[in-house]
Amino acid sequence: MELIKSKCDSSNFKKLVEIKNMYLFDFISKFVKLLNPESIFICNDSSEDIQYIRDRAIKTGEEEKLTVEGHTVHFDGINDQARDKKKTKFLVPKNINFGKGLNTIDKNEGLDEIYEIMDNIMNGRELFISFFSLGPNDSKFSIPAVQLTDSSYVAHSESILYRPGYIGFIKLGDYEKFFKFVHSEGKLEKSVSVNIDKRRIYIDVEEDIVYSANTQYGGNTIGLKKLAMRLGINKASKEGWLTEHMFLSGIHGPKDRVTYFAGAFPSMCGKTSTAMITGETIVGDDIVYIRNINGRAHIVNVEIGVFGIIKDINPEDDKLIWTAINNPNEIIFSNVLVTEEKNVYWIGKPGEVPKKGINYSGLWEPEKRDSSGNEITPSHKNARFTINLKNFSNIDPEYDNPEGVQIGGIIYGGRDSDTWVPVQESYDWVHGIVTMGASIESETTAATLGKTGVRTFNPMSNLDFLSIPIGKYIDINIKFGQALENQPKIFSVNYFLKGSDGKFLNKKVDKRAWLKWMELRVNNDVGAIDIETGFIPKYDDLRDIFNEIINSEYKIEDYNKQFTLRIPENISKIDRILKIYKDLGKETPEILFTMLSKQKEKLQVLRDKKGDYITPELF
Ligand code: SPV
Ligand code: MN
């Protein structure tokens, strides 16, 4: 404590000792010694303390003020624009098995490496210590968490995205099981991390600590986001609940009925836009905890804000986001283009592309190219906005309920140009988990480093974050549902289906219709057609929904094209998925193999009877 005291002024030290948690003090002392910051700021969540963090972000140059009140911009370095999957690793003790397919490093080796990288890394810098609650305050769902970071941008982002936790820590006293995040940007030049070769994100699920160094991009640094999600999946697996990569929304049915849906989509595949869809209400857009409460699946949003993709946001398709991010709300824009007038521009924003500005590559002009000759777009494809949910007019009244909300339906989707129909209901929980959730494949996007457009396996859209063997995770999902008295229905959706001309078969607004249809199905208000892979909507029901909700005519030709069962593609997909699970080894539950094999046989029989491509009227 003497060391901490020597680096704090008296008011900061007082805020810390108010907490009276020896485990916390031990943790902080250990890392203050290692990181060796010049000074320490303790955030007690008061408006003055939050303002201090905002001011520091401006003073240090990590953020810059924009014309609109409350708006700032932050840039990550040119090679630090997305999650670094290669350098994100689980620290594996000798006795723990992570199975195949996860990125791991021996714990001792990894700790030696990260301690060396972090040794003295905050020399001359200020350390921010903030406390949060993952999930609503005073809720059995929730997990307390502490963040150590030398980035005012990270501390600022978290103050927007998470519920305050300082008071909660005081209430808990000597409590041991909180999550811990240690982050340093490392050496900076022009306010961006430069030691990218020493970028590391190392996760210790035994100690519930995540280390992140030499990076600024939110997905690598905002501890409470994907770093906490990885710890959460491991913790949940030991305690019988679920941590999922899902949005959560209230879908509004007839006569003021609200049915809650949670949906898992890989990054950049429409999760936020589904959560923010016109006419419905949002609880969250990225991460949830799900628990069995008296036989029903209850769910909370872990976060209280959105770190959303800004590309293509426009007033027609994304009215609510557009309004919120154009108003004088507290918003951090990251990796957008900033004009001379200090306004922001992003790819797909209506209006002319500015003639010049500043972006993540420095001074930008049209046609600018990187060192390999590739064009640098005005904003990065993964440019984002960070905003608190309270700034959205469509926030759901239950967003902060400590009991969570009961889920009526779960949705699994991916970026799939040729296989799945736009919306389909599974026969039951296990069928949904196996043939939909566990079978998601998605074409890669700019949310992670590497090539885009490559079809990749991504069970429950959670592969990047799994901290237990994949097969075990599938098994836990199956068992979680089996233990429920009242199982949510499971659906798949596909917003990205293309025709033979390579054009999308659906418009962005069509997802509104699929959501309304699913809401009706959960409440047994409409029938469906069994196409042997699940249930699809009847044309007449969709026609009525399109008419009423979207005010547009839904043509039978479009329905037939969109809802054709594509047997060759479905069979190839099953073969790919079966092979993946077979290669993973013994953790995968047997039911996955039998169910997928049975599904394949059914499709083969059907093909012999009706051909490769079967339109709905043939069922
Ligand atoms: C995602 O990529 O899934 C996100 C943003 O939600 S990140 O914080 O990078 O994970
Ligand atoms: Mn996400």
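Following the numbering used here, the numbering of the sequence shown begins with 242 at its first residue and continues without gaps.
Glycine included, every Cβ here is placed at the ideal spot set by N, Cα and C.
Cβ pair residue i, residue j closer than 9 angstroms
| i | j | result |
| --- | --- | --- |
| residue 772 | residue 855 | yes |
| residue 681 | residue 505 | yes |
| residue 825 | residue 837 | no |
| residue 291 | residue 628 | no |
| residue 418 | residue 474 | no |
| residue 487 | residue 503 | yes |
| residue 289 | residue 393 | no |
| residue 512 | residue 733 | no |
| residue 635 | residue 561 | yes |
| residue 318 | residue 433 | yes |
| residue 557 | residue 463 | no |
| residue 722 | residue 700 | no |
| residue 515 | residue 756 | yes |
| residue 421 | residue 395 | no |
| residue 307 | residue 584 | yes |
| residue 532 | residue 381 | yes |
Member of the options whose CA lies at the smallest distance from the CA of residue i
| i | options | result |
| --- | --- | --- |
| residue 578 | 601, 734, 468 | 601 |
| residue 806 | 774, 331, 625, 345 | 774 |
| residue 467 | 706, 776, 823 | 706 |
| residue 576 | 583, 587, 737 | 587 |
| residue 276 | 263, 245, 285, 259 | 245 |
| residue 743 | 261, 659, 574 | 659 |
| residue 298 | 367, 451, 464 | 367 |
| residue 570 | 546, 556, 336 | 546 |
| residue 848 | 606, 812, 817, 398 | 812 |
| residue 309 | 619, 574, 511 | 574 |
| residue 251 | 760, 281, 736 | 281 |
| residue 666 | 644, 778, 500 | 778 |
| residue 338 | 514, 828, 840, 585 | 828 |
| residue 696 | 264, 382, 817 | 817 |
| residue 408 | 801, 429, 371 | 371 |
| residue 501 | 857, 761, 787 | 761 |
| residue 559 | 530, 580, 591, 649 | 591 |
| residue 726 | 740, 669, 589 | 669 |
| residue 334 | 349, 389, 391, 328 | 349 |
| residue 268 | 767, 741, 415 | 415 |
| residue 529 | 803, 710, 644 | 644 |
| residue 357 | 833, 499, 454 | 454 |
| residue 862 | 787, 527, 330, 583 | Residue numbering for the chain in the displayed model covers 242 to 860; residue 862 lies beyond these limits and cannot be assessed. |
Residue i - DSSP class collapsed to helix/strand/coil
| i | result |
| --- | --- |
| residue 618 | coil |
| residue 688 | coil |
| residue 454 | strand |
| residue 369 | strand |
| residue 649 | strand |
| residue 676 | helix |
| residue 697 | strand |
| residue 740 | coil |
| residue 606 | coil |
| residue 709 | coil |
| residue 854 | strand |
| residue 746 | coil |
| residue 601 | coil |
| residue 489 | strand |
| residue 725 | coil |
| residue 386 | strand |
| residue 484 | strand |
| residue 633 | coil |
| residue 443 | strand |
| residue 731 | strand |
| residue 835 | helix |
| residue 416 | coil |
CB contact check: residue i to chain D, cutoff 9 angstroms
| i | result |
| --- | --- |
| residue 460 | No chain D is part of this structure, which consists of one protein chain only. |
Check: residue i C-beta below 8 angstroms from any heavy atom of ligand 3
| i | result |
| --- | --- |
| residue 508 | With respect to ligand 3, the structure shown offers nothing to examine, as its ligands consist of ligand 1 and ligand 2. |
Checklist entry - Along the chain, which unbroken stretches of the alpha helix (DSSP H) at least 4 residues long are found entirely within the region 761-832? => result 780-786, 797-803, 808-825
Next on the checklist: When you compare the region 684-699 with the region 317-327, are there three or more beta-carbon pairs, one atom per stretch, that lie closer than 8 angstroms?
Outcome noted: yes
Checklist entry - Is the region 494-505 touching the region 441-449 in the sense that three or more CB pairs, one from each, lie closer than 8 angstroms? => result no
Next on the checklist: Restricting to runs no shorter than 3 residues, where is the beta strand (DSSP E) found entirely within the region 496-580?
Outcome noted: 499-505, 522-525, 529-534, 537-542, 546-550, 572-575
Next on the checklist: Using 8 angstroms as the cut-off, can you tell me whether the region 524-540 makes contact with the region 669-684, which would need three or more C-beta pairs spanning the two stretches below that distance?
Outcome noted: no
Next on the checklist: So within the region 277-355, which uninterrupted beta strand (DSSP E) runs reach at least 3 residues, ignoring any that extend past its ends?
Outcome noted: 280-283, 312-315, 329-333, 345-347
Item to check | Stretch-stretch touch, CB-based, cutoff 8 angstroms, three pairs: the region 539-553 with the region 658-672 | outcome: no
Next on the checklist: With three or more C-beta pairs closer than 8 angstroms as the rule, is the region 419-439 touching the region 350-363?
Outcome noted: yes
Checklist entry - Taking one C-beta from the region 667-678 and one from the region 455-464 each time, how about it: are there three or more such pairs within less than 8 angstroms? => result no
Checklist entry - Per the contact definition of three or more C-beta pairs closer than 8 angstroms, is the region 629-645 in contact with the region 749-761? => result no
Next on the checklist: Taking 8 angstroms as the cut-off, does the region 611-625 touch the region 547-555 (at least 3 CB pairs, one atom from each stretch)?
Outcome noted: yes
Checklist entry - Quick one: any contact between the region 477-487 and the region 700-714, if contact means 3 or more CB pairs under 8 angstroms? => result yes
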